[in-house]
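All remarks here apply to the structure that follows.
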Amino acid sequence: MNTIDWTRDELVAYILLFAANSDFKEKTEERNLILSNVDKQTFQDIHDEFNRDNDYQGIKKITTSLEQHNYTKDDIDILLEDIKVLFLSDDDFDITEQNMLRFLERLLKH
């Protein structure tokens, strides 16, 4: 996978969807939070793509796109804060979500 033709908004939507689905349940609160970051069409397009991908493909797309968009340490920190807000949006930050946050911290800060 050499390049991903995503905007920064599409990348953020994909990462937040990846995080929201870590417990295999995309809750309404999580969906609404993602929609507060991107427009409905972007959300739907990225959601369709997300549903077609397996975890490996998703991780490769995320890492490739982060490099393409030259995300800085500060950009990554902001993104991780957005992910934390997403996980807390339903008032249930369970162990699966906690583990996903740790995984994403390692993945995004590599």
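Position in the sequence shown (from 1) plus 852 gives the number in our numbering. Just so it is clear, CB atoms sit at the ideal spot from N, CA and C, and this is done for glycine as well.
Reduced DSSP secondary structure (H/G/I, E/B, other) of residue i
i	result
K912	helix
T948	helix
T894	helix
S888	coil
D905	coil
H921	coil
D900	helix
Residue span of the alpha helix (DSSP H) that contains residue i, given as start and end
i	result
K925	925-940
E878	That residue, E878, is in no alpha helix (DSSP H); it is neither H nor E in DSSP.
I856	Taken as a continuous stretch (DSSP letters only), I856 belongs to no alpha helix (DSSP H), as it is neither H nor E.
Whole-angstrom distance between residue j and residue i, CA atom to CA atom
i	j	result
D857	K936	26 Å
E901	A872	15 Å
I898	H962	24 Å
L953	L932	8 Å
T859	L938	20 Å
D929	Y923	10 Å
R904	I914	15 Å
Y1003	E881	What is shown of the chain runs 853 to 962, which leaves residue 1003 out entirely.
S941	F876	16 Å
I947	F955	12 Å
Cβ separation of residue i and residue j, assumed to be a contact under 8 Å, to the nearest whole Å
i	j	result
E949	S888	19 Å between Cβ atoms; not a contact.
I886	L868	5 Å
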